[in-house]
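Asker: Sending over a structure as structure tokens; questions will come in a sec.
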Amino acid sequence: MSNRVFVLNGPNLNLLGTREPHIYGSHTLDQIGEAVSARGRELGVEVDFRQTNHEGVLVDWLHEAYGESAKAVLLNAGAYTHTSVALLDAIKAVSVPVIEVHLSDPLTRESFRHVSYVGMGAVAEVKGLGWEGYLVALEKAAALEG
Ligand code: DQA
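So that you can map any letter, position 74 of the sequence shown is 1239 in this note's numbering, and since no number is skipped, the others follow by simple counting.
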């Protein structure tokens, strides 16, 4: 197993900073990526921070994390969280532990956000802590065995 942690972000998260800041806060994704990478250096894990608006790309990146024997994946799949059986299948197909991350807490929002396909395969979840939830999730990833 490598000490690499993939941090994968799904659709519309590239617009953080201006996207519904009352829900998601005012940090941009670049700022979050920098903070997560810096924390990774402190924790001794190498952070690979990415974003895509495309479901299949998230599937490909999960396969890549598996192929590279990544230590863990932090996955904020955005709205695909609530719709994507393909992501659940990918999570179940790879032996890399996946930690589900959300800035908001979907369970306190619209009912269509209450289902999480990602959560059905994830080993842990961090929700409702804003951007700092990524740091909490990274700490969980760094503490995983191996
Ligand atoms: C989100 C929550 C999802 O319900 C939503 O579709 C997002 C962002 C979050 O980080 O709070 O795009 O994943």
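All residues carry an ideal CB built from backbone N, CA and C; glycine is no exception.
Do the stretch 1245-1256 and the stretch 1203-1213 meet, that is, are 3 or more Cβ pairs less than 8 Å apart?
Answerer: Touching, no.
Asker: May I ask whether a heavy atom of the ligand DQA can be found less than 8 Å away from the beta carbon of residue 1228?
Answerer: Answer for residue 1228: no, Cβ out of range of the ligand DQA.
Asker: For residue 1303, which residues in the same chain have their Cβ closer than 8 Å to its Cβ, ignoring the five residues on either side in sequence?
Answerer: Closer than 8 Å at the Cβ level, and outside the excluded window around residue 1303, lie 1170, 1172, 1201, 1204, 1205, 1208, 1210, 1212, 1239.
Asker: Following a CB-centred definition, is residue 1249 positioned closer than 8 Å to any heavy atom of the ligand DQA?
Answerer: It does not: the Cβ of residue 1249 is nowhere closer than 8 Å to a heavy atom of the ligand DQA.
Asker: Three or more beta-carbon pairs under 8 Å between the stretch 1180-1198 and the stretch 1229-1236, yes or no?
Answerer: Short answer: they don't touch.
Asker: What number of angstroms, rounded off, separates the C-alpha of residue 1177 from the C-alpha of residue 1306?
Answerer: If I take the Cα positions, the gap works out to 24 Å.
Asker: With 16 other CB atoms within 10 Å as the buried threshold, where does residue 1258 fall?
Answerer: When all chains shown are included, residue 1258 counts as exposed.
Asker: For the beta strand (DSSP E) holding residue 1290, just list the boundary residues, first then last.
Answerer: Looking at the DSSP string, the run of the beta strand (DSSP E) that includes residue 1290 is 1289-1292.
Asker: Which residues share a DSSP beta bridge with residue 1216?
Answerer: BP columns for residue 1216 point to 1174.
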